[in-house]
Structure formats: structure tokens, C-alpha cells
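Below is one structure, written out as C-alpha cells, with a few remarks after it.
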Amino acid sequence: DEDEQIRKTDVPERMQLRVVPITSVEEGSDELDLEAQWIYKNAFSKSSVSNQEMVIKGPQTVKKIRKALELIRNQHFEVPYIAKNLKEYFLPEFSANNLLTVSKFDEEWTLLESLKKIMMFLFDEIPKYQSEIKDELMNWINSYEQLSDIYYLFTLHHGNEAPSIQKKRQRERKEAQEWRSSAARRRFNEDGESMDGDESSEDLRDPDDVNVDFYSICVRAGLAEPLKEYGLTPKQLTENTLDNYRRHEVLQTSTEPFGVAVKYVSPEFPTATEVLEATNYMLAVQIAREPLFRQFVRESFFERARIDVIPTKKGFMEIDENHPLYSLKFLKDKPVRDLVEDQFLQLSVAERNGLLTIVYQTEIEGATTASYVDEIKALFTRDESSNLVQKWNDLRKEIIDLVLSKFLFPLLEKKLKEKLLNEAKGFVLRACCQQLYNWLKVAPYKVDFDDEKDTKDGYRIMGLSFNLDEAEICVINVDGECSDHIRLEHILKRRIAWKETDHTGREKDLNTLKDFIFRKKPHVIAVSAESREATMLVEDLRAKIAQLVEDKPSWQTINVELVDNSLAKVFAKSTLAESEFPEFSLLLREAISISRQLQDPLSEYAQLFNANKEILKLEFHPMQGELSEEELMQGLNQEFVNRTNEVGVDINRAIKYPRTAHLLQFICGLGPRKGKALIQTLKQSNQILENRTQFVTACHMGPKVLANCVGFIKFNSNALGDTTESHVEVLDGSRVHPDGRLPYQRLSSEDVFFMVMKETPRSFFIGKLVSATVISFQRRKPEREELDRANPNRNETTGLWQCPFCRKNNFTDATKVSIHFYDGSCSGQANGVNIRLENGLSGYLPMKYLSDSEVKHPEEHVRLGKKIQCRITNIDVKRFSVDVTSRPSDLMDRNRVEKDAYYDKPAEEAMLKAEKDSKEKEIKNRQNNTKRVTVHQSSESVATA
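Take the sequence shown: its position 624, counted from the start at 1, is 624 in UniProt numbering, and no numbers get skipped.
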């Protein structure tokens, strides 16, 4: 019923599905003006706590924000429509992404306003609450934090008088035990119960350690009266703090603290000491709940907070220089404002995994002094040295310590961590969307063939996917349907094979592939970038195509392109592939997918955005797993919406080929429900739509949804021209605006290297410490002059002779060594070591980088088949090889990795020394505790019962 209601309502589906639905603004209301100011302040002029890339705009953009809000809220236009059809109102200051930000913050504003209405309801429950104070406080609220501050102040003074709060507290007490269990936590939101207990999702429970019940006892005991003797009210102290000078002088009573306290002794507080402790607590609570004071301390704490990072014993061993947190392994006094990108998220994950500890410093700097706390204390004390004043000053300082250390700083530490995590996750989400954009921004592949008739409707593409044992090759037609396929079992054999059958089989498969290309005449060939063998297959294919061109002069050269197979692997295992190709192998499905990816990247990626969320199986960012599925899906959905509306959707093709119909859900004004309903409606009419006029008549949409989507629907005028006698409007064959995607570009050698090796510039770089296996020694044959000067070496122990070049040492006399010299059997002296890295790359270790000392014979330092540690010194992306060094001085050079500016080197050195001392002590203990066993010829084992 709900889905049906969404389909029928004449409002864009995405607007209906917002957490807070779109609402129109009454004519004459100033709400849009207020909201535009609020969005500008919070979205375009406010800096982040950490160092994130922010969009800062000038105040002149407020008018543009208001215009965008009017179009969104009153006329129900979605952002793609506004960005494409009404861009003259916003350029050059506002981009489509800025408009999306306005739409997002409109939702935040609406939610905040709904919470403020609930807060007003609480105010109205207290008849004696002054309306002018109520209005003043409500107008001050511009954020969720400020709303919470007002709520905490209200509950402190009037919580027991508001019936809804009384019920809430009774319910909290009743559920206290249940709240502690994990099962109960899952029934609440992440932060806790909402303000009204039912409707709101905002956490407005008491956030600090304030005991409201104890505070109420203090009030009933009459302890509010002695608070006047402290010299300042909470509001006066707040004003002093905001101005950072004594606007209000501290009034000093002539009575000592105990003299004042003894007057208020009661059964609840039977001694003067307990009275003073209670009054200190009351005043501290009032100060901590003062909204402006809380806001000032919060802003100061977030701006000046610093962190320390200390690795655990486990982290000290695991966070090596190849770990992404190596440069942040030890930190001291690092300002949180200097944290960039996803650094804090990585630190938090490492802390969760027990690799390190993050320490949040609460001793922050003041505006003019080294201590923030001391500055506030100075504003709450008198500069007098009398004993009376000092006693009162001591109490006032205790109150400030209580306010900050017990009530506010612990709370702000949690809020700071939450805010830093949200900002870091925001960066990861933006990076994921950017990666998807990079994949989708590429236009369908185009070729330049002389025969325009053969290519006017599209291109036939051949796809080749392989593993170590076999290869699958398919051909898809211009509509993306698989028309034929073959399987080759020997094409991956080595060019220089040991077995004749392998060599023969490989040549046979290549000729079979050549004939397949000749028969099917593809316009381009896509090869899966599965491994390095893909580059060899590309070379083989180009050679066979060259033969075809040579044999058939009328043939045109067919391009062979490497295609990233990460999408194809996900598609091959998806439910879509299972239903479309139930009898095809995974390899053949991959071949079809890479062909379609080259033919239409947007459609191939978009089909994974389905109810099974298979799009999330793609790797967008290393930290994407820390995002919730919902927020990642929302971000990716918006990226698909942006790209799809840049291109448009051919409605007739979507009806004919269901695998392309999923694009309709991203069209402006539509969504999954409306898109599916549109397809069903048009299928029932059983007609081919020839222009937008027919579409408007047949779609049965409301005017608002139709206005949003009609400009993004297109019709293939080339195909319609041959099948209809009606007039075909050529302009209906395209979108209202041209396709903004970039043409396919040939991959560079560096791009091919990283794609094939499944590496990135961040994971594989010069200076990286790697493990490698010694596979052979590179040798240089001696020159004639060197042979003439050479003298064989005789081993005095064995009596055998040794060649001084190749180090062969089984000659029985010197004459055989000479024969060995001149018959060409001497392989020569080793001048380097050939290695293979763990990722399969070949490498070379020169002699001079084998050791810090001179090395004449590498055989004496490394052995064949053994693993060694080395550091990359050069990467040859064209030859797929690296140069390395294994000199101990290079391996121990930790300064190759740039450390953070706040890296704590003394702490690292201290931990290294402690680790070294611990190992030496362990070795010494083992030596001292050597077990001595005495064996005597007369001793025998004695069995005990």
C-alpha cells in the first residue's frame, strides 16, 4: 500500500522517501529566508573540526540558496532538473554539487525545526515559563547541540514540573536494567532515547554525570539561597567568559564559607562540610547547564583539542613501515585540526583492533595563557590576598574544576570523537563517490571505421576472459546480447614451451581465435586485465589482427583494449548473471561483462545497484567497510542519478531489454517504484514511442513528476527512421543537453601496470620494503683477456680446483679448468641476483646493493630459493620489473617514510630500547637457567606407584 501511494503521488519519489519529506512553504512566510541564512552558515561558511576540504562561499550566495529552496520545496524540482534547466540562476558560484548540499541541509533544517516544535511543547507545559525568555531561547537555537543545551537547562529547573518528562523519567528508571543489556541497546538508536521518547531520533538524555535527583534534593533542602554568596551567578560568569574579562566583578561576602554553610544544616546535610559540598555541586551543575557557557567551552575544546597516540605491544610489532599508520605510530600533542582525510578513522579502527591507544588531552590552551581552565578560574575569583577571600577563591576554583573536569570535558571528549569520526567517514564517502564517478565518466567506446552503415547503430565487441587453465571468448551485438562464444584451453601456454603439445596447442588456439575474429568481425576486442598474461594476450591478438589486415587489404585494424575486470568478477557471481546466463561459466560471464563495460559503462555498473546491494561488492576505498550500507548506498545512488541524467535513457531500449531498464530509477523525478510502474504502463500500451509528445500522452504521470523527467528521456531516431512512417523529431534522439562524458582514452603504461598487478601508487611505490625469492644469478661471461690472466684456485683440504669466475669447484686438475675456460662452458661471474616478488613481479638486485661491504661472489650471501628482504629503488612499468636493494643500511633506513610533524621520536626510541633490553634479559635468563643433567653408569630409573 505504501509503495502504491508513492507511485501515485505527484511528487518525485526521492523527495517522498526522505527522512523528513519535502514540505511547501506558505506564501508570505519568511521561513525560506531563515533557512537560506541557516544553510549558508552551516554548509558554506563553517569550517570542519579536522582538516577537511570544505566549500566556502561568500554571503552573496544566500539569495541563490533561497532560490534553490524555492524550486525544491515549492515547485518540487529535483537537483538534476535545476542544474540542467535553470542553471542561469546559480552560475557561476553554484555547481550541481552545491545544489545537492542545499538539498541535504534542507532535510537537516526541517528535522531541526520539528525538534524545536517539540521543545516548544515542553515549554508550554510550564504555565509560569515566561514567553519572552522562551522566544529568546528558541530563536537562539541553530544546531542540534544548541537544542540539546536548552533542553538540559530546561530539565534541570523544570523537569519535575513537565508531565511528559516525568513520564519519561519513570520509564527510564523502569527500563534501567534493560538498557544495560545489548539486546535493549539494539531497540534504541545509536545515541539513546529521543527527546519525547517516541517521535524524535535526537539523543536528549542527560549526557553528563549530573545527578538530577541529587540536585532536586539540594533544592528542596533550601541550598539555592547560599549560592548567592559565591559572588557571581552562572549567567554573569558566562558573560565574563564570553568577553574574557571581568564584566561583572565577583562580590565578596564578609562571612567565611563554614559560617554561611552552618546556617543551612539539615537532616539531608547534617554538617557544614556536606552543605558546602552540596552547594559546590549545585552551582557547578548550573554553570555546566548554562547554554552559552556550554557552547563557548565546546567551541574552544574542539578548536584547541590535541591527541596523543601510543601503540600497544601488539601494534608496536604490527605497524611496520608498510602499514598505512606508520607515520602516525607515535604522536604527541597533535592538534585535531591537523588531522586530514581519513586519518582519524584509521586511528580509531586501529584502536578498536588493539593496535594503539588514542589519548585526548583535556588540558587545552587558553586564549592568552597556557591553561584554559586557569583563565576561567581567574574570571571567577578576586585578586585579594586576605584569608577570607582565599577560602572563597578555593571553593570557586573547585567549582570550575568540577564543571570542566567532571561534567563538560568527558562529554566533549565523546562528542569530539564522534565529530572527527563523522568527518573522516564523510571523506571516505566522498572518495567512494569520486571513484564511482571516475568509472562512470567514460563514454561508450567509439571506433573510426570507414563503413558508417556497419557502425551507425553501435559496435560489436569481442570479450576475452581467462584464468591459468583456459580462456573464454564471446561476441556481443550492438544491443549488448551475446551472439556467439568459444572456449580455448591452450592459449595461455608459454610461447617457448618445454612440451611440444603445449606449443602446438597454443598455435592452434591462436589460429582458431583468428578465424573467430574473421567470421564475427568485431569493431573492438576487450581483454580482461586478470594478470600480467593479459598484456601477452594483447600482443598475440594484435599480431593476428595484423596478419588479417595483411591477408585482407579491405580489413581495417581492430583495436585491442585492456579492461579492468573488477566489475566483471562481481557481475559473474551476481543474481543477475545467474538469471540471465544460468548455463554459462563464470569466465564466460566475465567476458560478456567486460564487453558490455566497454560498450556502455554506465548501464553495466548501474545494474548492480539493486535490492541485493551487489554494487557494494566493488572496492571503492580501503575504508568503505567502516561506512554503513545505507549511507554508502545513498551516496552511490546520488552519483548514479547525476551521471544518468547527464546522459538520458532510451525508453524504447529500456522496454525491449530489461537489463537496461534499471537506469530509469535514476532519472530525475522517478525512482525504483515509479520507474518500474512506468515500464509496466508502456508495455501494456504495446507501442514504440517515437517522440516526447507520445511519451507524455502514454506515461500517465502527474505534471510535477512529468516536468522533472521528460527532458531526460530520449529516443533512438536512427532506429525509428527505418521502422515508422510517422515524422521522427531528430532532437528527440538526444537529451535536452549534450552528453558530458569523456571519450575512452588509451591506458598509459603506468595505468596498465597497476591495473594488471592489482596495485595502486599507494600500495606499491619506490622505497617500499618487500619480500622476494632468489630465482637465479645474473652472470657475465669473461672476456678473452680475463681468461688469459685468470688463475684457478686449489682447495688444500679436498685437493680439487675451482673456476674463479663461475665458482665451479669439482675439477681434479688445473688443466681441466683451462679447458673449462676456453670451451665456452664457463657461465661467468655473477654480477647480480634475479628475484621474484610476492605479487609475481620480477626484479633485479645489483651486486653493489647486496651488502654494505664489497661483494665479489653473491652466492656467498644468498641462496637460490631463499626469501630475502629488500627495498624497491626503481619501478619499470613497461617491462614489469623492479630494481631493489638489500643492503642492511638501506633496510634499516626508517627515515625513508616521512613521519608526521608531531611524531613522538623519544617515545619510539624508549620503546625500542625497552624491547631490546627485554630480549637481552630473556637471552641472559635462558643462559643462566641451563639445565644440568648428570649421567652415571650406576643410575637407573625408578618407577613410582
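All C-beta atoms, glycine included, are put in the ideal place defined by N, C-alpha and C.
Item	Value
Three-way DSSP call (helix, strand, coil) for MET892 in this model	coil
Sub-9 Å separation of ALA707 and SER595 beta-carbons	no
For SER763 and PRO622, the rounded distance between their alpha carbons	11 Å
Distance between VAL62 and GLU70 (C-alpha atoms, nearest Å)	12 Å
Residues of its chain near LYS314, where Cβ-Cβ distance is below 8 Å and the 5 sequence neighbours each way are ignored	GLY354 and LEU355
Nearest residue (CA-CA) to ALA830, options LYS816, GLU859 and ARG836	GLU859
Every unbroken beta strand (DSSP E) within the region 512–593, with a cutoff of 3 residues, ordered by chain	524–528 and 559–563
Own chain residues within Cβ distance below 6 Å of PHE344, not counting five before or after	LEU420 and ALA424
8 Å contact criterion, which ARG14 and GLU78 should meet: CB distance rounded	7 Å
Residue burial classification, GLU590 (beta-carbon count within 10 angstroms, cutoff 16)	buried
Element boundaries [alpha helix (DSSP H), containing PRO410]	409–440
Residues bridged to LYS116 (per DSSP)	DSSP lists no partner for LYS116.
Meets three-Cβ-pair contact criterion under 8 Å: the region 329–336 and the region 364–378	no
Cβ-based neighbour list, VAL524, same chain, cut-off 7 Å, excluding 5 preceding and 5 following	TYR445, VAL447, TYR459, ILE461, ILE558, ASN559, GLU561 and LEU598
Own chain, CB closer than 8 Å to TYR844, minus 5 neighbours either side, in chain order	GLN778, GLY832, VAL833, ASN834, ILE835, SER881, VAL882, ASP883 and VAL884
Close beta carbons around ARG659, own chain, < 8 Å, minus the five adjacent residues each side	GLY480, LEU576, GLU580, SER603 and GLN607
Spatial neighbours of LEU388 in its chain, beta-carbon cut-off 8 Å, leaving aside the 5 residues before and after	GLN252, SER254 and GLU256
Local conformation of GLY669 per DSSP, three classes	coil
Contained beta strand (DSSP E) runs [length at least 3] in the UniProt domain "S1 motif" (832–887), N- to C-terminal order	842–846, 867–876 and 881–885
Alpha carbon of LYS768 to alpha carbon of LYS848, nearest angstrom	19 Å
Inter-residue Cα distance where the pair is ARG352 and GLY675	43 Å
Nearest to GLU125 (by Cα), restricted to the options MET138, LEU147 and HIS158	HIS158
Test item: CB-CB of GLU35 and TRP140 under 9 Å	no
Span of the beta strand (DSSP E), counted from its first residue to its last, around MET462	461–466
VAL262 versus MET120: straight-line alpha-carbon distance, rounded	41 Å
Residues that GLN802 bridges to, as DSSP identifies them	ASN793
Rounded straight-line distance, which links the Cα of VAL265 to that of ASP213	19 Å
Through-space distance from GLN361 to ALA305, alpha-carbon basis	7 Å
Whole-angstrom distance between GLY865 and HIS857, CA atom to CA atom	17 Å
Exposed unless 16 or more other CB atoms sit within 10 angstroms - verdict on PHE427	buried
Within the region 67–107, ranges of the alpha helix (DSSP H) (whole runs, at least 4 residues)	79–85
Backbone CA spacing between SER114 and VAL25 [nearest angstrom]	14 Å
Exposure label - LYS544; buried when at least 16 CB within 10 Å	buried
Neighbourhood of GLU31 by C-beta, 6 Å cutoff - its chain only, sequence neighbours within 5 removed	VAL25
For residue 975, the three-state DSSP class (helix, strand or coil)	The structure shown does not extend to residue 975, since the chain is modelled only from 1 through 945, so no value can be given for it.
C-beta atoms of ILE22 and ARG73 nearer than 9 Å	yes
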